[in-house]
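Engineer: Okay, handing you the structure first.
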Amino acid sequence: MYALRCLAEGDQAALLNMNFGPREIEALRAMTLGDLYRVESLRAHCLRIRLDRQVYWPMVDNLQRQRQSEETQHNLIAADAPLEMMQTLFGFNAREYSRLRRSLSVDPAVGRPPEPDETTSHTLWAAWVARVDPETPELLAPDDYLELHRETGIGLRAIWHLTRQWSEYGDLKGVVKQADNQDG
């Protein structure tokens with residue numbers, strides 16, 4: 205059946221990889237529906253299918269990474285991640301963002317998030333400084349933003365807004381040393 209699909213789609217490379225030559229392709233092209241039923245009832249097989257482990261395992265690894273990334277994206281959207289965050293972390297456009305929000309039944313967000321009170325800001329600051337590397341201006345990993353949200357209870361819109369401000373305007377080198385030496 206796969207060979208017939210390759211023939212119908214004009215996938216000559218796949219047919220050649222299965223060792224179909226011009227004669228075999230012509231015979232395949234001439235088969236009727238009745239012939240296919242008869243072939244299916246035969247106990248002999250003319251194709252030998254093998255697993256190519258050098259292709260299979262990288263493919264499985266890639267699929268797992270994609271699945272984990274999609275799960276993280278869904279978790280971020282469910283936690284009300286802003287469009288700018290999803291654009292920056294995953295390259296989302298507005299249409300993808302809206303579609304995913306609708307599919308996850310997340311209500312549309314309007315306007316800027318309310319500024320957290322001073323205690324909440326300090327809690328977020330301490331949790332964020334513990335994760336950020338003051339030597340590099342790189343963003344946190346997407347899962348780190350989810351951890352900040354879970355740890356502090358602060359919405360991702362506010363987390364994104366504040367941490368972007370802090371990383372852009374703050375001098376984190378002194379702050380991280382100070383946070384590390386809170387005991388004395």
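Per the working numbering, residue 205 is the first one in the sequence shown, and the count goes up by one each step. By construction, the Cβ of each residue, glycine as well, lies at the ideal position given by its N, Cα and C atoms.
Using beta-carbon positions only, say whether residue 304 and residue 270 come within less than 8 Å of one another.
Structural biologist: no
Engineer: For the segment 262-298, which segments carrying the alpha helix (DSSP H) assignment without a break, of at least 4 residues, lie completely within its bounds, in sequence order?
Structural biologist: 287-294
Engineer: Tell me whether residue 243 is buried or exposed, calling it buried when 16 or more other Cβ atoms sit within 10 Å of its Cβ.
Structural biologist: Exposed.
Engineer: Taking all protein chains shown into account, decide if residue 336 is buried (16 or more other Cβ within 10 angstroms of its Cβ) or exposed.
Structural biologist: buried
Engineer: Identify whether residue 214 lies in helix, strand or coil by the three-state DSSP scheme.
Structural biologist: coil
Engineer: Mind checking whether residue 360 and residue 285 have CB atoms under 8 Å apart?
Structural biologist: yes
Engineer: For residue 344, which residues of its own chain have a beta-carbon under 7 Å away from its beta-carbon, when the five flanking residues on both sides are left out?
Structural biologist: 335, 336
Engineer: Check for me: the alpha helix (DSSP H) holding residue 350 runs from which residue to which?
Structural biologist: 346-356
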